[in-house]
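J.:
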Amino acid sequence: SVLSTRVSLHLGKIAEIGRARKTRPQILCVGRALHQRLLFFTTHFIVPLNRHTSNFIPRYFLLFLLVFPPQLLLLVVDLCSPIHLLLCKPCSSDMFRTGTRVLQVLQRSPVEWQKLLQIRFSSIRVFDAAQKLFVTPVELEGTKGKFTVDAVFQDTAASGSPRGTVVTLHGSPGSHKDFKYTTPLLEGEGYRVVGINYPGFALSGDSDELQHHNDERTVFVQSIIDRLNLKDTVLFLAHSRGCENALRLVVANQDKTIGMALISGTGFRVQKAIRPISRLKNIRHFYEKYHFARGPMEKLFYHVYNRVLGLRVYHGRTALTAIKTMSLSDIEKQRPFIDEFNKNDKLLALVCYSGKDHLIETDISAEFAAAFHERVHLNLSKDDDEEMTTNQIIKAFAVDDRRRVTVEFTDDNHFSQKHRAKLIARSIDAMFEAAKRIKSQ
17 SVLSTRVSLH
27 LGKIAEIGRA
37 RKTRPQILCV
47 GRALHQRLLF
57 FTTHFIVPLN
67 RHTSNFIPRY
77 FLLFLLVFPP
87 QLLLLVVDLC
97 SPIHLLLCKP
107 CSSDMFRTGT
117 RVLQVLQRSP
127 VEWQKLLQIR
137 FSSIRVFDAA
147 QKLFVTPVEL
157 EGTKGKFTVD
167 AVFQDTAASG
177 SPRGTVVTLH
187 GSPGSHKDFK
197 YTTPLLEGEG
207 YRVVGINYPG
217 FALSGDSDEL
227 QHHNDERTVF
237 VQSIIDRLNL
247 KDTVLFLAHS
257 RGCENALRLV
267 VANQDKTIGM
277 ALISGTGFRV
287 QKAIRPISRL
297 KNIRHFYEKY
307 HFARGPMEKL
317 FYHVYNRVLG
327 LRVYHGRTAL
337 TAIKTMSLSD
347 IEKQRPFIDE
357 FNKNDKLLAL
367 VCYSGKDHLI
377 ETDISAEFAA
387 AFHERVHLNL
397 SKDDDEEMTT
407 NQIIKAFAVD
417 DRRRVTVEFT
427 DDNHFSQKHR
437 AKLIARSIDA
447 MFEAAKRIKS
457 Q
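The numbering of the sequence shown is our numbering, which starts it at 17 and goes up by one.
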């Protein structure tokens, strides 16, 4: 009777939301729309569900695909799965304890139901199944009010991972592919990797309403985190300009994060790549005010980024977006966030920087790294054994119970997240193991 009551509640919520959204059955043409729904269904249902339900779904899922929108389909399948278990499979108490995720969902309280429905009806669609890319709308505050931009992100394990989640934040310019060498290593160890693509860069949407300051960028990432319902055991891995946002996000999510790994981040002083910063602000102002000049400026800075700075961009507008973002760096405003980070001795930090960074001076990076209390500092040159240094990092986190480790790659350039992918991945693994021990203390 308890289960039937919960099922009735589930049906009532489906009907209520369906009426509110004015959902109507519709026959979709066999083409791209159907193809996208097939990908959506395969990614979200057939793969995560266990063997009991996977035999049931193929007979009926085409009807669901044609009649219901993806959001409503998600609830329908969640409902059908436990009903099929009840009607078509031998029932036992073990089945209800170890069955599908859906049966656990049915045991939630009304308050948890409300949160669940909000999450479920925040639309997440498949963008590219082969690359495990998804898209979801994110609402931001612009100069003229609220607006929505599509956020495209990578999710290597949409059903979650018991080992933990790594959220990657790219630089400016950049994309989730900035971590294309690290992500497979983390995925191979069983971690879920959520790769953020900031708006105006790479795959995510763009808008003239975007301001590209850190408050907006932090809200953008936080919206995705909340949409995915990431509750605990989260680590932020960031490169270059993304490190500022990782620091902010760790401080804002201390209840759900274990820490951060910052690679070649900005410091407390303006680095040579953006000095004088007033020049970048003037370029940003001119680009935003005089629309007639946008075309020539985009062509100019496309070549500046690709041929002079060695930073690949696929469009001149992306280059100007990068300039906007860099002109709004926190720089010295990062200190209060580090002070707040240092107050929590349960948070872990790995801070890496390079000795031959062509964009950021070594002394600026070293000053930033020294701001973390009770750190273990290591140096790694091209002649040193990377395996030995990696083991020292692992020992510091997992054995010596140290919470902050900083590493200088003496002979590396700005892109050490590519050259030192194995070291970074193994260090992150050690951080997750250390977090388990800290949590149990």
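Glycine included, each C-beta is placed from N, C-alpha and C at the ideal position. Treat the numbers as computed from the prediction; the structure is a model and nothing was measured.
Rounded to the nearest angstrom, how far is the Cβ of Tyr303 from that of Arg295, given a contact under 8 Å?
T.: The pair is not a contact, with the Cβ atoms about 13 Å apart (cut-off 8 Å).
J.: Using only the alpha-carbon positions, how far apart do Val286 and Leu375 sit?
T.: When only Cα atoms are considered, Val286 and Leu375 end up about 10 Å apart.
J.: Once you ignore the five residues that flank Asp166 on each side, which residues in its own chain have a CB closer than 7 Å to its CB?
T.: Val151, Pro153, Ser220, Gly221
J.: Going by DSSP in three states, Gln170 sits in which element: helix, strand or coil?
T.: strand
J.: Quick one: what does DSSP say Ile212 is sitting in, helix, strand or coil?
T.: strand
J.: So for His255, helix, strand or coil by DSSP?
T.: strand
J.: Can you round the beta-carbon distance between Glu260 and Gln408 to whole angstroms, since I take them to be within the 8 Å contact cut?
T.: No, Glu260 and Gln408 are not in contact; Cβ-Cβ is about 27 Å, not under 8 Å.
J.: What does the alpha-carbon distance come out to for the pair Cys317 and Gly190?
T.: Looking at the sequence itself, residue 317 is Phe, so the reference to Cys does not match. Each residue's alpha carbon lies about 15 Å from the other.
J.: Gly206 and Arg179 look like a contact to me (Cβ under 8 Å); what is the Cβ gap, rounded to whole Å?
T.: 4 Å
J.: Can you name the residues that DSSP bridges to Pro153?
T.: Asp166
J.: So, with DSSP's three-state summary, where would you put Tyr303?
T.: helix
J.: Identify the continuous alpha helix (DSSP H) that holds Asn360 and give its terminal residues.
T.: Premise fails: Asn360 is in no alpha helix (DSSP H) and is neither H nor E.
J.: Looking at the strands, I want to know which residues DSSP matches up with Gly275.
T.: Leu251, Leu364
J.: Can you give me the Cβ contacts of Lys362 inside the same chain, cut-off strictly under 7 Å, excluding the 5 residues immediately before and after it?
T.: Ile454
J.: Nearest by alpha-carbon distance to Leu253: which of Lys315, Thr273, Ile293 is it?
T.: Thr273
J.: Compare the C-alpha of Asn213 against each of Ser177, Ala173, Gly258 and name the closest.
T.: Gly258
J.: Do Phe284 and Glu15 count as a contact pair if the criterion is CB distance below 8 Å?
T.: In the structure displayed, the chain extends from 17 to 457; residue 15 sits before or after that span and is not available.
J.: So His331 is in the beta strand (DSSP E); what residue range does that whole segment cover?
T.: Element bounds for His331: n/a, residue is neither H nor E.
J.: Taking the beta strand (DSSP E) that Leu394 belongs to, which residues open and close that run?
T.: Element bounds for Leu394: 391-396.
J.: Quick one, are the C-beta atoms of Tyr369 and Ser239 less than 8 Å apart?
T.: no
J.: Which whole-angstrom value describes the C-beta separation of Glu424 and Asn395, a residue pair presumed to lie in contact below a C-beta threshold of 8 Å?
T.: 5 Å
J.: Check for me: the beta strand (DSSP E) holding Phe425 runs from which residue to which?
T.: Going by DSSP, Phe425 is part of the beta strand (DSSP E) stretching over 420-425.
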